[in-house]
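Visitor: Next up is a structure, given as structure tokens.
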Amino acid sequence: MSKWTAAADANRGTLEFSIAQADVQNGLKAAFEKNKNKIAVPGFRKGKVPMSLFLQKFGEEALYQDVMDIVLPAAYQAAVAEAGITVVGQPDIAPVSMEKGADWEMKAEVAVAPEIKLGDYTGLTVEKQDASVSDEDVDAEIKRMQENQAELVLQEEGTKAENGDTVVIDFDGSIDGDHFEGGQSKDYSLELGSGSFIPGFEEQLVGHVAGDDVDVKVTFPEEYQAKDLAGKEALFEVKLHEVKRKSLPELDDEFAKDVDEDVDTLAELKEKTKKKLQDARESAAKDAFEDAAVEAAVKNAEVVGGDIPQEMIDEDVNRQMQQYLGQLQQQGISPQMFFQISGQTEDSLKQQFAEGADTRVKTNLVLEAIVKAEKFNPSDEEVAAEVKDLASQYNISEEQVKQSLSDALLKHDIAMKAAVEKIVSSAKAK
Numbered sequence: 001m002s003k004w005t006a007a008a009d010a011n012r013g014t015l016e017f018s019i020a021q022a023d024v025q026n027g028l029k030a031a032f033e034k035n036k037n038k039i040a041v042p043g044f045r046k047g048k049v050p051m052s053l054f055l056q057k058f059g060e061e062a063l064y065q066d067v068m069d070i071v072l073p074a075a076y077q078a079a080v081a082e083a084g085i086t087v088v089g090q091p092d093i094a095p096v097s098m099e100k101g102a103d104w105e106m107k108a109e110v111a112v113a114p115e116i117k118l119g120d121y122t123g124l125t126v127e128k129q130d131a132s133v134s135d136e137d138v139d140a141e142i143k144r145m146q147e148n149q150a151e152l153v154l155q156e157e158g159t160k161a162e163n164g165d166t167v168v169i170d171f172d173g174s175i176d177g178d179h180f181e182g183g184q185s186k187d188y189s190l191e192l193g194s195g196s197f198i199p200g201f202e203e204q205l206v207g208h209v210a211g212d213d214v215d216v217k218v219t220f221p222e223e224y225q226a227k228d229l230a231g232k233e234a235l236f237e238v239k240l241h242e243v244k245r246k247s248l249p250e251l252d253d254e255f256a257k258d259v260d261e262d263v264d265t266l267a268e269l270k271e272k273t274k275k276k277l278q279d280a281r282e283s284a285a286k287d288a289f290e291d292a293a294v295e296a297a298v299k300n301a302e303v304v305g306g307d308i309p310q311e312m313i314d315e316d317v318n319r320q321m322q323q324y325l326g327q328l329q330q331q332g333i334s335p336q337m338f339f340q341i342s343g344q345t346e347d348s349l350k351q352q353f354a355e356g357a358d359t360r361v362k363t364n365l366v367l368e369a370i371v372k373a374e375k376f377n378p379s380d381e382e383v384a385a386e387v388k389d390l391a392s393q394y395n396i397s398e399e400q401v402k403q404s405l406s407d408a409l410l411k412h413d414i415a416m417k418a419a420v421e422k423i424v425s426s427a428k429a430k
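If you use full-length UniProt numbering, the sequence shown corresponds to residues 1 to 430, in order.
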């Protein structure tokens, strides 16, 4: 029998449960079998000492730690199921009584998933999303294509560098006369105004010409990734070798054919570009409408018993991090490489994913509450269709999908999608 007692914070409490003496005895036998080859008793070879003699000589208490490792998980899970609670995070389990010959009494301090009190989640009114595309939008996209087709042309001697120009430079950085690692380079191409260098660096090259020597004085940001440079003033001795300026192609039919072989005229390119932008805007508007409807349903719901347990927040953050780093790993970028090239640390990345974690967790809880309220229970046919869809989406076999995802997980995902559809299908735009 188990007993659940909620604390003042309804999302935490104490679970008391027993481990039957019969299970303890079975655990003792399993623990002895596990350890018998390590037991040395005079007159017996290792592994040959009878269990009765071992218990007589050492007492069953000598095996209790191993017994606990063997019998506790199943007993704890059974108690959780009997109490009807959803535990989050790791429990703090301690023995209350482990008397010989009696049932063992245990106590677990746990956090549990909070109950959600649903508010309105159908018939919601959310702000209409603008999916219109103007002629200015099309012109801006064509301008971006033109920029991408631009060529860098070496400028004549005496041409002053401007924002947007690319300069070829040598530079050597020092702090109080001491040169620092990574502060030197030769024939480096830098686009002025790109913001790719330390604030203030690029601006001091504007107005100079090829052949100039420029002393650039800057202060490293307080949050600079190299802690030994953060906040310090530095001097960069810069030699400017070349000034290059973008030469834009004419916006004509030839340009249109260069950027898209399926069109013959600039007018056709603009028409195709408008259609592409329209499709993208409509897709983005649809997603934004769905997000807004779900957000409204979540806002209308209440977390019963106080705040979401920190364990659930931490679990979400860790899952988000692992998924992100796992995707990078698939691209051949190890976590160590990512932290090195990005300048981030594990703590800063964790902080990044911590933003919005409470909203993500509440959203999942609300959708699960809707699944329960609507009694969504995906059929075997729906699971089979989901498997087929995932196999097609990721270009793998259906068997691989089944090996990666359990039926329970697939049903959960299908039901959660049904909950989203329940919210969105009845939502109206204002």
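For every residue, glycine included, the Cβ atom is placed at its ideal position computed from N, Cα and C. It should be emphasised that the depicted structure is a prediction, and the values quoted were computed from it without experimental measurement.
Is it buried or exposed, residue 439, if we count other Cβ atoms within 10 angstroms and call 16 or more buried?
Guide: The requested residue 439 does not occur in the structure, where the chain is confined to residues 1 to 430.
Visitor: State the CB to CB distance for the pair Ala81 and Asn11, rounded to an integer number of angstroms; the pair is presumed to be in contact (CB under 8 Å).
Guide: Wrong, their Cβ atoms sit about 19 Å apart, outside the cutoff.
Visitor: Whole-angstrom Cβ separation of Asp316 and Arg360, contact assumed at under 8 Å?
Guide: Yes, Asp316 and Arg360 are in contact; Cβ-Cβ is about 6 Å, under 8 Å.
Visitor: Tell me, please, which residues DSSP counts as bridged to Arg245.
Guide: Val153, per the DSSP bridge assignment.
Visitor: In chain order, what are the residue ranges of uninterrupted beta strand (DSSP E) at least 3 long that sit wholly in the segment 161–230?
Guide: Taking only runs of at least 3 residues, the beta strand (DSSP E) segments lying wholly in the segment 161–230 are 166–175, 178–191 and 213–219.
Visitor: Where Lys286 and Gln351 are concerned, what is the direct C-alpha to C-alpha distance, given to the nearest angstrom?
Guide: So the two alpha carbons sit approximately 30 Å from each other.
Visitor: List the endpoints of the continuous beta strand (DSSP E) containing Ala301.
Guide: Careful: Ala301 lies outside any beta strand (DSSP E) and carries neither H nor E.
Visitor: Answer with buried or exposed for Gly173, where buried requires no fewer than 16 other C-beta atoms within 10 angstroms of its C-beta.
Guide: buried
Visitor: Assuming Ile142 and Glu233 are in contact, meaning their beta carbons sit under 8 Å apart, how far apart are those beta carbons, in whole angstroms?
Guide: In fact, because the Cβ distance is near 44 Å, the residues do not count as touching under 8 Å.
Visitor: Just how far apart, CA to CA, sit Lys402 and Tyr394?
Guide: 13 Å
Visitor: Sorted by chain position, which residues of the same chain lie with C-beta nearer than 8 Å to Asp260's C-beta, five sequence neighbours on each side aside?
Guide: Leu269 and Lys272
Visitor: Do Glu311 and Leu248 count as a contact pair if the criterion is CB distance below 9 Å?
Guide: In this structure, Glu311 does not lie closer than 9 Å to Leu248 by Cβ.
Visitor: Using DSSP's beta-bridge definition, name the partner residues of Thr159.
Guide: Its beta-bridge partners do not exist; DSSP assigns none.
Visitor: For Gln225, which residues from the same chain have a beta carbon less than 7 Å from its beta carbon, with the 5 sequence-adjacent residues on both sides left out?
Guide: Gly343
Visitor: Anyone know if the C-beta pair for Ala8 and Thr14 falls short of 9 Å?
Guide: no
Visitor: Taking Pro73 as the reference, give the member of Gly101, Ile93, Lys46 and Val366 with the closest Cα.
Guide: Ile93
Visitor: Below 7 Å CB to CB, which residues in the same chain sit around Lys274 once its five sequence neighbours on both sides are set aside?
Guide: The residues are Val133 and Val138.
Visitor: Among Gly195, Phe201, Glu346 and Asn163, which residue has its Cα nearest to the Cα of Phe171?
Guide: Phe201
Visitor: Looking at C-alpha atoms only, which residue of Glu381, Arg281 and Ser392 is the closest neighbour of Gln129?
Guide: Arg281
Visitor: If Val366 and Ile116 are in contact, beta carbons under 8 Å, what's the gap, nearest whole angstrom?
Guide: 6 Å
Visitor: Among residues of its own chain, excluding the 5 on either side of Val88, which ones have a beta-carbon nearer than 6 Å to its beta-carbon?
Guide: Ala111, Ala113, Pro309, Glu311 and Met312
Visitor: Would Glu374 and Ala419 qualify as a contact pair, given that the criterion is a beta-carbon distance under 9 Å?
Guide: yes
Visitor: In the DSSP assignment, find the unbroken alpha helix (DSSP H) run with Ala408 in it and report its ends.
Guide: Ala408 -> alpha helix (DSSP H) spans Asp407 to Ser425.
Visitor: Measuring CB atoms only, is the segment 152–167 touching the segment 216–223, in the sense that at least three cross pairs come out at less than 8 Å?
Guide: no
Visitor: Once you ignore the five residues that flank Ala230 on each side, which residues in its own chain have a CB closer than 6 Å to its CB?
Guide: Phe220, Glu222 and Tyr224
Visitor: Which residue wins for smallest C-alpha separation from Ala369, given the options Lys422, Gln336 and Phe339?
Guide: Closest by alpha carbon: Lys422.
Visitor: Tell me, to the nearest whole angstrom, how far the beta carbon of Asp258 is from that of Gln149; I am working on the premise that it is less than 8 Å.
Guide: 7 Å
Visitor: Have a look at Phe54, Leu205 and Ser334 and flag the residue whose alpha-carbon is nearest the alpha-carbon of Gly43.
Guide: Phe54
Visitor: To which residues of the same chain is Val263 closer than 7 Å at the C-beta, ignoring the five residues directly before and after it?
Guide: Ala256, Lys257, Leu269 and Lys272
Visitor: Can you list, in chain order, the residues of its chain whose CB lies under 6 Å from that of Gly183, leaving out five sequence neighbours each side?
Guide: Gly173
Visitor: If you reduce the DSSP assignment to three classes, tell me which class Leu266 lands in.
Guide: Three-state result, Leu266: helix.
Visitor: What is the rounded straight-line gap between the Cα of Leu190 and the Cα of Gly164?
Guide: Going by the C-alpha atoms only, they are around 10 Å apart.
Visitor: Taking the alpha-carbon positions, what's the residue 449 to Ala415 distance?
Guide: For the chain, the structure presents residues 1 to 430; residue 449 sits outside this window and is missing.
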